[in-house]
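Here the structure is laid out as structure tokens; the discussion comes afterwards.
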Amino acid sequence: MSNREPARAPIGMLDSGLGGLTVLKTAVRLLPFEDFNYLADFKHSPFGGRSKTELLGLLDDAVEKLLAQGIKALVLASNTATSAAAEVLRARLPIPVLGLEPALKPAVLAVPEGVILVLATELTLREEKFNRLYESFRARGGIVLKSCPGLVELIDSGQAGTPAIDAYLRSLFADLEPSAVRAVVLGCTHYVFVREAIMRHFGPEVLCWDGNEGVVRQLTRVLEENNLLAGAGRGGEIRFFSSDPGKLQFLEKQYGLLF
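Okay, structure coming up:
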């Protein structure tokens, strides 16, 4: 095996559905010479309402499928999957494993007062990983945590950009005074699909963060450190996979609509 062959292997990305496509979009922009294998586990979507133990079991099959494809690194393109499985997979797998966490730190540093709204799945908000992060900033005050049951399902059914999303958000945010919110943290990759609708609710002055660019920059550093960066001069290839074969064309179409 030549020294270059491992660097030419694809990067695996895993999510329950469409959300990780927003990470993939960022990765293609920042790592244009890399190949990506994206697996959407629609069969077990959504991840967010499950227990950690249940989700760990469900992720095993998806991870094994990507490993069988010879991936050189695994990106858990899901905050929920990261919360439940990142530490376990890092200890078990022989390749780098990267994941996301809600971008609370940059929001706190940029917005010293006023409400910071963190939107995430139920599992993400109750897991130790996020709670360690939250406790480090709790003294600031004004950090509001809100789970979004049903939002992933709306997005995965292709309803981002429809009146159904606006109606959902009006109900979700009914207990918040829009003018008090200074920043929104999108703690689920799916929610990036409805960023504009969320910002319309709170107004143009509100700042918004997600973790997508951060995880891709970390991926770049890890590939460099392990001599796994693909060489320049070759175009990257994207291959899509789905645990529900009937949704494969839908997945590819939704990715195309991101550009």
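First residue of the sequence shown? That's 194 in the working numbering, and the numbers climb one at a time after it. Virtual Cβ for every residue (Gly too), placed ideally from N, Cα, C.
Asked, Found
"Alpha carbon of Met392 to alpha carbon of Gln447, nearest angstrom", "21 angstroms"
"Outcome for Asp183 when other beta-carbon atoms lying within 10 angstroms are tallied against a minimum of 16", "Residue 183 lies beyond the stretch modelled for the chain, which goes from 194 to 452, so this question has no answer here."
"Pairwise C-alpha distance: Asn405 and Ser238", "20 angstroms"
"Start and end residues, alpha helix (DSSP H) containing Ser348", "The sequence shown places Ile at residue 348, not Ser. Residues Leu344 to Asp349."
"Beta strand (DSSP E) runs wholly inside the segment 391-437, at least 3 long, in chain order", "400-402 and 431-435"
"8 angstroms Cβ cutoff met for Leu207 and Leu293", "no"
"Local Cβ density within 10 Å of Leu252, reported as buried at 16 or more and exposed below that", "buried"
"Range covered by the alpha helix (DSSP H) that runs through Leu248", "Lys245 to Ala261"
"Residues sharing a beta bridge with Val268, DSSP", "Met206 and Leu291"
"Beta-bridge pairing of Val339 - partner residues as DSSP gives them", "Reading the sequence as shown, one finds Lys at residue 339 and not Val. Per DSSP, Leu312."
"Classification of Asn230 by the beta-carbon crowding that lies within 10 angstroms, buried from 16 upward", "buried"
"Alpha-carbon spacing of Leu318 relative to Asn420, whole angstroms", "35 angstroms"
"Residues that Val281 bridges to, as DSSP identifies them", "The partner list for Val281 (beta bridge, DSSP) is empty, contrary to what the question assumes."
"Three or more C-beta pairs below 8 angstroms linking the segment 394-414 and the segment 234-248", "no"
"Rounded C-alpha distance that separates Ala413 from Thr382", "Sequence check: residue 413 is Thr here, not Ala. Whole-angstrom Cα-Cα distance: 19 angstroms."
"For Ala353, the three-state DSSP class (helix, strand or coil)", "coil"
"Option nearest Leu214 by Cα separation, candidates Phe434, Gly439 and Val415", "Phe434"
"DSSP state of Ser195 mapped onto helix, strand, coil", "Legend: pLDDT at Ser195 = 38, less than 50; position of this residue unreliable, no value from coordinates given."
"Thr314 classed as buried or exposed, judged by whether at least 16 other C-beta atoms fall within 10 angstroms", "buried"
"Under 8 angstroms between C-beta atoms of Phe323 and Thr273", "no"
"For Val290, the nearest candidate out of Val256, Ala220 and Lys440 (CA to CA)", "Val256"
"DSSP three-state assignment for Leu223, whether helix, strand or coil", "helix"
"CB-CB length for Pro295 against Val377, believed under 8 angstroms", "Not really, about 11 angstroms apart at Cβ, beyond 8 angstroms."
"Beta strand (DSSP E) segment containing Arg375, residue limits", "Val374 to Leu379"
"Leu297 and Tyr327 closer than 8 angstroms at C-beta", "yes"
"Contact set for Asp359: own chain, Cβ-Cβ below 7 angstroms, skip 5 residues either direction", "Ala390"
"Pick from Thr275, Leu282, Glu247 and Tyr384 that is closest to Leu260, judged by C-alpha positions", "Leu282"
"Bridge partners - Ala233, DSSP secondary structure assignment", "Asp208 and Ser435"
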